[in-house]
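Chemist:
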Amino acid sequence: MDYAHSMIKKLKCVHDSINPATRSGAIDVIVVEQPDGEYKSTPFHVRFGKYGVFSCSDKIVDIEVNGRSIDLKMKLTENGVAVFMDEDTDENGLIERIYHQERDVDQAESNCELEKTEKEHSEFKIKERVRKTSTSLKDLKTAEKEIEEPLSDDDLDENLDPDLIEHLLLSSEKLKSLGLSLGCNELRFQTTTKLQGTAWCVSNIYLYKWYEQLVISDIDGTITKSDVLGHVLPVVGGTWAHNGVVELYNRIKNNGYKMIYLSSRAIGHSHLTKEYLKSVTQNSEHLPDGPVLLSPTSTMRALKREVIDRCPEEFKIAALSELKKLFPSPNPFYAGFGNRDTDVISYKAVAVPTARILIIEPSGTIKRWDSSRLEPSYTSIATDSVDYMFPPLPFHLKDHNVKKERHTSAWSKPLNHSNFTHWHVIPEDVHDEELKEYEEKRSELIAQHKSKSKFSGVLFSST
0 MDYAHSMIKK
10 LKCVHDSINP
20 ATRSGAIDVI
30 VVEQPDGEYK
40 STPFHVRFGK
50 YGVFSCSDKI
60 VDIEVNGRSI
70 DLKMKLTENG
80 VAVFMDEDTD
90 ENGLIERIYH
100 QERDVDQAES
110 NCELEKTEKE
120 HSEFKIKERV
130 RKTSTSLKDL
140 KTAEKEIEEP
150 LSDDDLDENL
160 DPDLIEHLLL
170 SSEKLKSLGL
180 SLGCNELRFQ
190 TTTKLQGTAW
200 CVSNIYLYKW
210 YEQLVISDID
220 GTITKSDVLG
230 HVLPVVGGTW
240 AHNGVVELYN
250 RIKNNGYKMI
260 YLSSRAIGHS
270 HLTKEYLKSV
280 TQNSEHLPDG
290 PVLLSPTSTM
300 RALKREVIDR
310 CPEEFKIAAL
320 SELKKLFPSP
330 NPFYAGFGNR
340 DTDVISYKAV
350 AVPTARILII
360 EPSGTIKRWD
370 SSRLEPSYTS
380 IATDSVDYMF
390 PPLPFHLKDH
400 NVKKERHTSA
410 WSKPLNHSNF
420 THWHVIPEDV
430 HDEELKEYEE
440 KRSELIAQHK
450 SKSKFSGVLF
460 SST
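Dropping the structure here:
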């Protein structure tokens, strides 16, 4: 009976995760402090399902940061998406303005000598504008249909537009008012109705410095052993994780890198995905904490894009590009772990070095994307070559200006050279002068250590 009850409970969980009526969730937010002290962030994607809030119209969403209520409020649209709205802006006015902007673009383009219809121009412009945001969704309806017909729950996935995305962002001043601590902070979104009481969902908001080095990890097929089961059964246990992944990721984190978890799972899977990542335990260790970036689309559409269309890179490229814009450095992404060619496409699109795009085979072996040679496993890299591939990022003490704090290295080429032959990138970048200086310092330290040992031995014998 216990087994049957457990199976029924899991099947119900799967049904609820796929059913559009239950998909409430929020995606983690990343805030980056700039060199001048200003804040920039990724969008606040929050969505309430119909079971949580049966009627979303005109519902106000209260926000808590680390258990403390803040003055900022959000408003639910008809489809359950929470947005930051100006006092003089309503949802209908926003959609009407978008419609007229698109029609103006179409009329201007029709005066050119391009042999395309007005409908083709409208669809193209809408797709182009959405592609530049984090939605990256396909098969958009025309603007005319958006106004004439009410949006269904699935239509929302196709009609998230850039103007709406603007209402998912906060200014630097408002981000500072959240009182964030460096690292992980907890966000709680809740709304109250007379009939259903209080509905809520949670996510995390991470505050990082502008100089952080990020390591991206896909989830499905990279941490887990299956792409499909990651979508359909997000409640599976830790035995579905590749052996050694926890040890390697923790060593990478201990060397100073920030882990970013990426998946094309839908926003409704946010809670289950985080719970799964927390449940992955190997040798009494857990996966290191880090933001979990998911798709702000429906479960069925995310599953179709991942399994049927085989094009999850559309969302991943958009999400990583959005994150990359927050950093002033040309490339904050140090390395990326994936398991398919689409992951390679995503990482190359945001300039992850090809020598540090690591592909995990179904058997658990790992290879560099630009090399056919295989590493035995996650465990092998963790024990043998993690410090070569992910050199420790030492901290320098803060000077009088706190904003100048950054990671630096005594060796100016630590990221482009490795003594481990397989992983080195460009041997020409190795400078003889630097190697000579390094060896001299190492010899001095060894000599000092020997002299101290002899001195302590003399004292011991004299006593």
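Here the sequence shown stands for residues 0 to 462, where the numbers follow numbering that gives the first Met the number 0. Idealized CB from N, CA, C, for every residue including glycine.
With Thr190 and Val60 assumed to form a contact (beta carbons below 8 Å), what rounded beta-carbon distance in angstroms separates them?
Modeler: Right, their Cβ atoms sit about 5 Å apart.
Chemist: Could you confirm whether any beta carbon from chain C is found closer than 7 Å to the beta carbon of Asp27?
Modeler: The structure shown contains no chain C; it holds only a single protein chain.
Chemist: From the DSSP output, in three-state form, read off Ala350 for me.
Modeler: Reduced to three states, the DSSP call for Ala350 is coil.
Chemist: DSSP three-state label for Val245, please.
Modeler: If DSSP states are grouped into helix, strand and coil, Val245 belongs with the helices.
Chemist: By how many angstroms is the C-alpha of Arg339 removed from the C-alpha of Ile358?
Modeler: Roughly 7 Å between the two C-alpha positions.
Chemist: Can you name the start and end residues of the alpha helix (DSSP H) that Thr272 belongs to?
Modeler: Its alpha helix (DSSP H) spans residues 269 to 278.
Chemist: Could you check where the beta strand (DSSP E) with Ile358 kicks off and where it finishes?
Modeler: 356 to 359 is the span of the beta strand (DSSP E), which, as asked, contains Ile358.
Chemist: Going by DSSP, name the residue or residues bridged to Glu63.
Modeler: According to DSSP, which records beta bridges pairwise, Glu63 is partnered with Ser68, Arg187.
Chemist: At the level of alpha carbons, what is the spacing between Glu360 and Val31?
Modeler: Approximately 33 Å between the Cα atoms of the pair.
Chemist: Could you tell me the alpha carbon to alpha carbon distance between Pro390 and Asn254, rounded to whole angstroms?
Modeler: For Pro390 and Asn254, the distance between alpha carbons rounds to 7 Å.
Chemist: Determine, using beta carbons only, whether Ser171 and Phe336 come nearer to each other than 7 Å.
Modeler: No.
Chemist: Below 8 Å, how does it come out for the stretch 320 to 330 and the stretch 343 to 353: are there three or more Cβ pairs, yes or no?
Modeler: Yes, since at least three Cβ pairs between the stretch 320 to 330 and the stretch 343 to 353 fall closer than 8 Å, the two stretches touch.
Chemist: Buried or exposed for Glu439, going by 16 or more other Cβ atoms inside 10 Å?
Modeler: Result: exposed.
Chemist: Which of the three DSSP states, helix, strand or coil, is assigned to Gln281?
Modeler: Strand at Gln281.
Chemist: Reducing DSSP to helix, strand and coil, say where Thr197 ends up.
Modeler: Three-state result, Thr197: strand.
Chemist: Among residues of its own chain, excluding the 5 on either side of Ala270, which ones have a beta-carbon nearer than 8 Å to its beta-carbon?
Modeler: The residue asked about is misnamed: residue 270 is His in this sequence, not Ala. The answer, listed in chain order, is Gly24, Cys200, Val201.
Chemist: One question on the structure: do Leu179 and Leu213 come within less than 7 Å of each other, judged by their Cβ atoms?
Modeler: Their beta carbons are not under 7 Å apart, which means Leu179 does not touch Leu213 by this criterion.
Chemist: Where does Tyr210 fall in DSSP's three states?
Modeler: Coil.
Chemist: Please report the Cβ distance between Gly48 and Gly267, rounded to the nearest whole angstrom; I am assuming they are in contact, meaning their Cβ atoms lie under 8 Å.
Modeler: Confirmed, Cβ separation roughly 7 Å.
Chemist: Tell me, please, which residues DSSP counts as bridged to Asp217.
Modeler: Paired residue(s): Leu261.
Chemist: Taking the straight line between their C-alpha atoms, what separation do you get for Asp342 and Lys366?
Modeler: Between Asp342 and Lys366, the C-alpha separation is close to 13 Å.
Chemist: Going by CA-CA distance only, name the one from Ala354, Gly363, Leu276 that's closest to Asp369.
Modeler: Nearest option by C-alpha distance: Ala354.
Chemist: Can the beta-carbon of Val291 be found closer than 7 Å to that of Lys273?
Modeler: A contact, by the Cβ cut-off of 7 Å.
Chemist: What is the DSSP secondary structure of Phe332, reduced to helix, strand or coil?
Modeler: If DSSP states are grouped into helix, strand and coil, Phe332 belongs with the strands.
Chemist: Drop a sphere of 10 angstroms on the beta-carbon of Thr382, count the other beta-carbons inside from all chains shown, and report buried for 16 or more, exposed for fewer.
Modeler: Thr382 should be labelled exposed.
Chemist: Identify which residue in Thr223, Leu286, Glu312 has its Cα closest to the Cα of Met258.
Modeler: Nearest option by C-alpha distance: Leu286.
Chemist: Nearest by alpha-carbon distance to Arg250: which of Ser328, Ser68, Thr221, Leu392 is it?
Modeler: The candidate whose alpha carbon is nearest that of Arg250 is Leu392.
Chemist: Please classify Leu174: is it buried, with 16 or more other beta-carbons within 10 angstroms of its beta-carbon, or exposed?
Modeler: Under this definition Leu174 is a buried residue.
Chemist: Could you say which of Gln33, Val385, Ile356, Asn65 lies nearest to Asn203 if we only look at CA atoms?
Modeler: Of Gln33, Val385, Ile356, Asn65, the residue nearest in Cα terms is Asn65.
Chemist: By a C-beta neighbour count over all protein chains shown, 10 Å radius and 16 as the cutoff for buried, is Asp70 buried or exposed?
Modeler: It counts as exposed.
Chemist: Taking the alpha carbon of Ser376 as the reference point, which residue from Ser384, Glu312, Thr364 has its own alpha carbon closest?
Modeler: The residue with the shortest Cα to Cα distance from Ser376 is Thr364.
Chemist: Please classify Ser384: does DSSP put it in a helix, a strand, or coil?
Modeler: Here Ser384 sits in helix by DSSP.
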